[in-house]
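Numbering (my numbering), first residue to last: 120 to 334. Scroll down for the structure; my scribbles are underneath it.
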């Protein structure tokens, strides 16, 4: 019989050293929306960071929403500065694969984005999504405003009973402020809007199928 080794989060002193500057260039423009990946964005734009497992498929859920200004994928929540994809995949950066969502809250509500977040992955899984296992696949959401924080906590509380009724466990999502989580490090260019350049790319679905009662 074979047993997989338990996945644990590394300590800061165990993290890879990284580098002071990025190891690669990042495209300036979104492949689909034609908007800047790094800004500047229109006045009133808000930013939310979500981690739902492999970021290739998860990014698409958000760029398809009217009112989303731009999206980008990257690494966040860990310790290694300016990591590479290969380094992040070792689990020794502490980062999780993250989607940055810049949006106009007058067009698309934060509640709508959080509905996508909660329902399009399994937030009850710890350090994994399906067969993708490791701390780099952990569920997380990082807020940038107190209003986002309150909505995250409220929607989590609303969604948990529905998950429980469907025989899922407790939500394990990491919830922190973006300031506490640390910088969002943009991923390599070939990861940005990956499914546009690679329409048949690997894109597992880990949604639970449990919807919000008011959806």
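Ideal placement from N, C-alpha and C gives every residue a C-beta, glycine not left out. In this text, all values refer to a predicted model and were calculated from it rather than measured experimentally.
When you compare only the Cα positions, how much space is there between residue i and residue j?
{"i": "residue 234", "j": "residue 331", "result": "7 Å"}
{"i": "residue 318", "j": "residue 312", "result": "10 Å"}
{"i": "residue 158", "j": "residue 286", "result": "42 Å"}
{"i": "residue 315", "j": "residue 132", "result": "38 Å"}
{"i": "residue 329", "j": "residue 275", "result": "13 Å"}
{"i": "residue 128", "j": "residue 252", "result": "12 Å"}
{"i": "residue 310", "j": "residue 192", "result": "7 Å"}
{"i": "residue 271", "j": "residue 296", "result": "11 Å"}
{"i": "residue 195", "j": "residue 284", "result": "32 Å"}
{"i": "residue 282", "j": "residue 171", "result": "16 Å"}
{"i": "residue 325", "j": "residue 290", "result": "14 Å"}
{"i": "residue 341", "j": "residue 250", "result": "In the structure as shown, the chain starts at 120 and stops at 334, and residue 341 therefore has no counterpart that could be examined."}
Give the secondary structure of residue i by DSSP, where H, G and I count as helix, E and B as strand, and everything else as coil.
{"i": "residue 121", "result": "For residue 121, the pLDDT reaches just 40, beneath the cut-off of 50, and the residue's location in the model is therefore unreliable, leaving the point undetermined."}
{"i": "residue 247", "result": "strand"}
{"i": "residue 238", "result": "helix"}
{"i": "residue 200", "result": "coil"}
{"i": "residue 165", "result": "strand"}
{"i": "residue 327", "result": "coil"}
{"i": "residue 176", "result": "helix"}
{"i": "residue 334", "result": "At residue 334, the pLDDT of 47 sits below 50, so the modelled position is not reliable; the number obtained from the coordinates is stated separately. Residue 334 falls in the coil class under three-state DSSP."}
{"i": "residue 290", "result": "coil"}
{"i": "residue 194", "result": "strand"}
{"i": "residue 206", "result": "helix"}
{"i": "residue 155", "result": "strand"}
{"i": "residue 321", "result": "coil"}
{"i": "residue 263", "result": "coil"}
{"i": "residue 307", "result": "coil"}
Which one of the options has the shortest CA to CA distance from residue i?
{"i": "residue 222", "options": "186, 136, 323", "result": "186"}
{"i": "residue 152", "options": "178, 188, 167", "result": "188"}
{"i": "residue 162", "options": "178, 292, 224, 215", "result": "224"}
{"i": "residue 231", "options": "182, 175, 126", "result": "182"}
{"i": "residue 243", "options": "271, 293, 148", "result": "293"}
{"i": "residue 111", "options": "178, 126, 213, 246", "result": "Residue 111 cannot be examined here, being either before or after the span of the chain that is shown, 120 to 334."}
{"i": "residue 126", "options": "246, 150, 155", "result": "246"}
{"i": "residue 229", "options": "261, 206, 257", "result": "261"}
Confirm, please, whether the CB-CB distance from residue j to residue i is below 8 Å.
{"i": "residue 134", "j": "residue 198", "result": "yes"}
{"i": "residue 219", "j": "residue 264", "result": "no"}
{"i": "residue 267", "j": "residue 227", "result": "no"}
{"i": "residue 305", "j": "residue 169", "result": "no"}
{"i": "residue 173", "j": "residue 323", "result": "yes"}
{"i": "residue 215", "j": "residue 279", "result": "no"}
{"i": "residue 147", "j": "residue 155", "result": "yes"}
{"i": "residue 180", "j": "residue 239", "result": "yes"}
{"i": "residue 320", "j": "residue 175", "result": "yes"}
{"i": "residue 303", "j": "residue 217", "result": "yes"}
Which partner residues does residue i have in the DSSP bridge list?
{"i": "residue 130", "result": "Bridge partners of residue 130: none, in fact."}
{"i": "residue 252", "result": "247"}
{"i": "residue 182", "result": "Its beta-bridge partners do not exist; DSSP assigns none."}
With a cut-off of 8 Å, does the C-beta of residue i fall near any C-beta of chain E?
{"i": "residue 137", "result": "No chain E is present in this structure, which holds just one protein chain."}
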